[in-house]
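J.: Sharing a structure, written as structure tokens. Questions coming.
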């Protein structure tokens, strides 16, 4: 995937902003990307937000995408479900998990 090439400087100049944009495109257009790319893209977005690679640091978004990477989203409807879950209960569930609860 092109995002990985930009992230790891494979045949192109390393560019975290371009890598971030390509990873983001995978999660916003899951049907085109293929299900095998979803978990790595969510994991990458989590890593990028946690480290501030090509994007402003955000623990909140890093945690969100880390939680999403544990799901099995394969299409836009499933990604939308994850978004709704995060807004309704996932964020709080993830916080409790990080603090040793659940």
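Numbering (the numbering used here), first residue to last: 2 to 103. All C-beta atoms, glycine included, are put in the ideal place defined by N, C-alpha and C.
Using the Cβ count rule (16 or more neighbours within 10 Å means buried), how would you classify residue 28?
T.: Here residue 28 is taken as the residue at index 27 of the chain shown, counted from 1. Residue 28 comes out buried.
J.: Starting from residue 10 and walking both ways along the alpha helix (DSSP H), at which residues does that stretch end?
T.: Here residue 10 is taken as the residue at index 9 of the chain shown, counted from 1. That residue, residue 10, is in no alpha helix (DSSP H); it is neither H nor E in DSSP.
J.: Report the option in 53, 26 and 55 whose CA atom is closest to the CA atom of residue 43.
T.: As a first step, residue 43 is located in the chain shown; it is residue number 42 there, counting from the start. Answer by Cα proximity: 26.
J.: How long is the line joining the alpha carbons of residue 80 and residue 65, rounded to whole angstroms?
T.: On the chain shown, position 79 is the one that residue 80 refers to. On the chain shown, position 64 is the one that residue 65 refers to. Those two C-alpha atoms are separated by around 12 Å.
J.: With a 10 Å radius around its C-beta and 16 neighbouring C-beta atoms as the bar for buried, classify residue 8 as buried or exposed.
T.: Here residue 8 refers to the residue found at position 7 when the chain shown is read from its first residue. Residue 8 should be labelled buried.
J.: Below 8 Å between beta carbons: does that hold for residue 1 and residue 4?
T.: Absent from the structure is residue 1, since the part of the chain shown begins at 2 and ends at 103.
J.: What's the C-alpha gap between residue 76 and residue 82?
T.: As a working note, residue 76 is residue 75 in the chain shown. As a working note, residue 82 is residue 81 in the chain shown. Approximately 10 Å between the Cα atoms of the pair.
J.: Near residue 45, which residues of its chain fall below 6 Å by C-beta distance, leaving aside the five closest residues on each side in sequence?
T.: Within the chain shown, numbered from 1, the residue matching residue 45 stands at position 44. So the list reads 24, once near-sequence residues are dropped.
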